[in-house]
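This report refers to the structure that appears directly beneath it.
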Amino acid sequence: MAIKLEDKKAIVAEVNEAAKGALSAVVADARGVSVAAMTGLRKDAREAGVYVRVVRNTLMRRAVEGTDYACLNDVFVGPTLIAFSNEHPGAAARLFKEFAKSQSAFEIKAAAFEGNFLEASQIDILATLPTYDEAISQLMSVIQGATSKFVRTLAAVRDQKEAEAA
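In structure tokens, the structure reads:
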């Protein structure tokens, strides 16, 4: 089915806007995945703050032109499903990685983060990034550990001085 020029321009503008505001992008091939499974993926994506879209490759190349995701141009071959993470850089990678476990036909092609191209085998780099809350929790535990060690050191010095004075 042919798409009118105005519709093509609208699609390119929409995807370009999503790309400009995105933190990362993941590209996949969804051939052979059932419609019900794809509907579930789209629902999960909305809940995770991920923009998912199937776009023709020529339109996708134009849409990512001038963005950090232009490095993905070589993987826009065959049916292309792209996901842009809006709230957390690893959200789309985690979503696609989990979905690929249950769908053998779903194939992750590549990803991009801050203008860097990531092969499909490197998707774990993005998928394992801690969320904001997890990062704060890790930072707080490091600070707590350092402070408690400092307090124990001060107490040991105090005890040593008292023992020498007695």
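First residue of the sequence shown: 0, per numbering that gives the first Met the number 0; consecutive thereafter.
Glycine is no exception: its CB is placed at the ideal position from the N, C-alpha and C atoms.
Handout entry: Rounded C-alpha distance that separates Ala155 from Ala145
Key = 15 Å
Handout entry: Which listed residue (Ile10, Gly77, Ala17, Ala29) has its alpha carbon closest to that of Val49
Key = Ala17
Practice task
Determine, using beta carbons only, whether Leu128 and Gly89 come nearer to each other than 8 Å.
Solution key: yes
Practice task
Can you tell me which of the three DSSP states Val74 falls into?
Solution key: helix
Practice task
Determine the extent of the alpha helix (DSSP H) in which Met44 is found, giving its start and end residues.
Solution key: The sequence given here places Ala at residue 44; Met does not occur at that position. Looking at the DSSP string, the run of the alpha helix (DSSP H) that includes Ala44 is 34-47.
Handout entry: Residue interval of the beta strand (DSSP E) (run including Asn85)
Key = Neither: Asn85 is in no beta strand (DSSP E) and is coded neither H nor E.
Exercise for the section: Sort Leu58, Leu40, Val63 by Cα distance to Gly114 and report the nearest one. Expected result: Val63
Practice task
Pick helix, strand or coil for Arg157, following the three-state DSSP scheme.
Solution key: helix
Handout entry: Inter-residue Cα distance where the pair is Asp158 and Thr152
Key = 10 Å
Handout entry: Ser23: first and last residue of the uninterrupted alpha helix (DSSP H) it sits in
Key = Where Ser23 is concerned, there is no enclosing alpha helix (DSSP H), although the beta strand (DSSP E) it sits in stretches over 23-28.
Practice task
Taking all protein chains shown into account, decide if Gln137 is buried (16 or more other Cβ within 10 angstroms of its Cβ) or exposed.
Solution key: exposed
Exercise for the section: Check the C-beta distance from Leu71 over to Val26 and give it rounded, since I have them as a contact under 8 Å. Expected result: 6 Å
Exercise for the section: Can you give me the start and stop residues for the beta strand (DSSP E) that Glu64 sits inside? Expected result: Element bounds for Glu64: n/a, residue is neither H nor E.
Handout entry: Straight-line Cα distance separating His87 from Ala165
Key = 59 Å
Exercise for the section: Kindly identify the DSSP beta-bridge partner or partners of Tyr50. Expected result: Phe83
Exercise for the section: Return the bridge partner residues of Ala109 from the DSSP annotation. Expected result: Val26, Glu118
Practice task
State the Cα-Cα distance for the pair Asn85 and Lys19, rounded to the nearest angstrom.
Solution key: 10 Å
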